[in-house]
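Novice:
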Ligand SMILES: *Cc1c(COP(=O)(O)O)cnc(C)c1O
């Protein structure tokens, strides 16, 4: 690759951008098959829905392939009105994104200027530090407690320069979750100049796991009470639409208004708009996804115990497993067995495994058994 070292423009690239390391996604199946010459690879690395996509969403997409010459409805009337009714908010409080990661980026760009601070937790979603760095913010990472968010530490890290706090509930990659009283107590104490973004990418799984022991809160219910609260959801996980890219935020209308000014026009494509709408109506698929996940979690945990391994208690659709040895080496060994899981740079003895179908869970357990033996 030719270097551009003689080009002065490189000298002027903002430091945050110059030193940025891009997000590393889960290895695609095709890449593993190409590189390792294996066939029938199994990917349990990106928390995708093992049941596929909502059949109702698929049907709508198939029927809508004519009309792609037209731009999508930029106001997204149909999807926004459905979401507004569902969450008991107005359409003006909803911001759609090209995946919820697009919305996270919009919030940072709207509120964080170079030199401001952004607070997030150790072992939280790896996109948060990337977003902070890209907008020139000072990334303030607070230590985790029990692998999850330490809200007291996060509160203590807030200064007059703080503009944004990111909280993933449940958290990725650890699967940990915050209880209702904990999270609301935090919202009550955060100074009003700070935006709190609660990222609920795994909401549908966590709410299904809801029991006395889980006590998982629906932060969406608090948006009317805290003007500085932004809650994001996605269609990528429980609704099985990761490939179409659609997610959203619910916030105060003033926040949504700002996000609407900086987003690109037509940032959600027409098929994604239609598919998301249909998926919201497909309760049958959602329930099946939730039940399959709950059952798969029991199966995986049991199997892991049989292998002498333990996982961090999870409210999501993945398990963060303590493999008690170099996780990177184990990850590579699993790749050679045709199984893709996810290592995490800041957790050297853990692997994140997406919960799959019963046969897929069996296969990852068998592959683990095989590589742990040798
Ligand atoms: C998967 C995930 C997202 C959602 O990404 P999309 O852009 O909506 O596909 C957001 N936050 C967390 C914590 C995630 O794990």
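In my numbering, the protein residues as written are 17 to 390. Ideal Cβ positions, reconstructed from N, Cα and C, are used throughout, including at glycine.
Using 7 Å as the threshold, is the C-beta distance between residue 194 and residue 188 below it?
Specialist: To locate residue 194, count along the chain shown from 1; it is residue 178. To locate residue 188, count along the chain shown from 1; it is residue 172. No, these two residues do not count as a Cβ contact at 7 Å.
Novice: Taking 5 Å as the limit, name every residue whose beta carbon sits nearer than that to some heavy atom of ligand 1, in sequence order.
Specialist: 115, 116, 117, 141, 184, 188, 215, 217, 250, 252 and 263
Novice: Which term fits residue 175, buried or exposed, when burial requires 16 or more other beta carbons within 10 angstroms of its beta carbon?
Specialist: Counting from one through the chain shown, the residue named residue 175 turns up at place 159. Around the C-beta of residue 175, fewer than 16 other C-beta atoms lie within 10 Å, and the residue is accordingly described as exposed.
Novice: Report the partner residues of residue 336 according to the DSSP bridge assignment.
Specialist: Taking the first residue of the chain shown as position 1, residue 336 is located at position 320. DSSP output for residue 336 lists 328 and 368 as bridge partner(s).
Novice: Just to confirm, is the Cβ distance from residue 337 to residue 296 under 7 Å?
Specialist: In the chain shown, counting from the first residue as 1, residue 337 sits at position 321. In the chain shown, counting from the first residue as 1, residue 296 sits at position 280. No, the Cβ-Cβ distance between residue 337 and residue 296 is not below 7 Å.
Novice: Excluding the 5 residues flanking residue 55 on each side, which residues of the same chain have their C-beta closer than 8 Å to its C-beta?
Specialist: Stepping through the chain shown from its first residue, residue 55 is reached at position 39. The residues are 49 and 354.
Novice: Tell me the rounded alpha-carbon separation between residue 340 and residue 325.
Specialist: As a position in the chain shown, residue 340 is number 324, starting the count at 1. As a position in the chain shown, residue 325 is number 309, starting the count at 1. When rounded, the distance between both Cα atoms is 8 Å.
Novice: Indicate whether the contact test is met: 3 or more Cβ pairs, each with one atom in the stretch 222-241 and one in the stretch 189-208, closer than 8 Å.
Specialist: yes
Novice: How do the stretch 318-335 and the stretch 235-244 stand: do at least 3 beta-carbon pairs fall below 8 Å, yes or no?
Specialist: no
Novice: Using beta-carbon positions only, say whether residue 262 and residue 247 come within less than 7 Å of one another.
Specialist: Taking the first residue of the chain shown as position 1, residue 262 is located at position 246. Taking the first residue of the chain shown as position 1, residue 247 is located at position 231. Cβ distance not < 7 Å, so residue 262 and residue 247 don't count as in contact.
Novice: Sorted by chain position, which residues of the same chain lie with C-beta nearer than 6 Å to residue 319's C-beta, five sequence neighbours on each side aside?
Specialist: Reading the chain shown from its first residue, position 303 is the one you call residue 319. Within the same chain, and ignoring the five residues on either side of residue 319 in sequence, the residues whose Cβ sits closer than 6 Å to its Cβ are 381.
Novice: Between residue 94 and residue 269, which are expected to be in contact by the criterion C-beta below 8 Å, what is the C-beta distance as a whole number of angstroms?
Specialist: Walking along the chain shown from the start, residue 94 turns up at place 78. Walking along the chain shown from the start, residue 269 turns up at place 253. Their Cβ separation, rounded to whole angstroms, is 20 Å, which puts residue 94 and residue 269 out of contact at 8 Å.
Novice: Is the beta carbon of residue 66 sitting closer than 7 Å to the one on residue 373?
Specialist: By one-based count along the chain shown, residue 66 stands at place 50. By one-based count along the chain shown, residue 373 stands at place 357. In this structure, residue 66 lies near residue 373, with their beta-carbon atoms less than 7 Å apart.
Novice: Measuring only the C-alpha atoms, how far is residue 57 from residue 352?
Specialist: Your numbering for residue 57 matches position 41 in the chain shown. Your numbering for residue 352 matches position 336 in the chain shown. Whole-angstrom Cα-Cα distance: 10 Å.
Novice: Quick one, which of 236, 377 and 179 has its alpha-carbon nearest residue 134's?
Specialist: Counting from 1 along the chain shown, the entry for residue 134 is found at position 118. Selected option, being the one with the closest Cα: 179.
Novice: For a test of the three-state rule: what should DSSP assign to residue 169, helix, strand or coil?
Specialist: Here residue 169 refers to the residue found at position 153 of the chain shown. It is helical.
Novice: Using 10 angstroms around the beta-carbon of residue 82, count the other beta-carbons present and answer buried if the total reaches 16, otherwise exposed.
Specialist: Here residue 82 refers to the residue found at position 66 when the chain shown is read from its first residue. So residue 82 counts as exposed.
Novice: Do residue 32 and residue 152 have their CB atoms nearer than 7 Å?
Specialist: Residue 32 sits at position 16 when you count from the first residue of the chain shown. Residue 152 sits at position 136 when you count from the first residue of the chain shown. Yes; because the gap between Cβ atoms is below 7 Å, this pair is in contact.
Novice: Please determine, among 358, 317 and 347, the residue with the shortest C-alpha to C-alpha distance to residue 378.
Specialist: Within the chain shown, the letter at position 362 stands for residue 378. It is 317 whose Cα lies nearest to the Cα of residue 378.
Novice: Could you give the distance in angstroms between the alpha-carbon of residue 30 and the alpha-carbon of residue 150?
Specialist: Locating residue 30 in the chain shown gives position 14, where the first residue counts as 1. Locating residue 150 in the chain shown gives position 134, where the first residue counts as 1. Approximately 9 Å between the Cα atoms of the pair.
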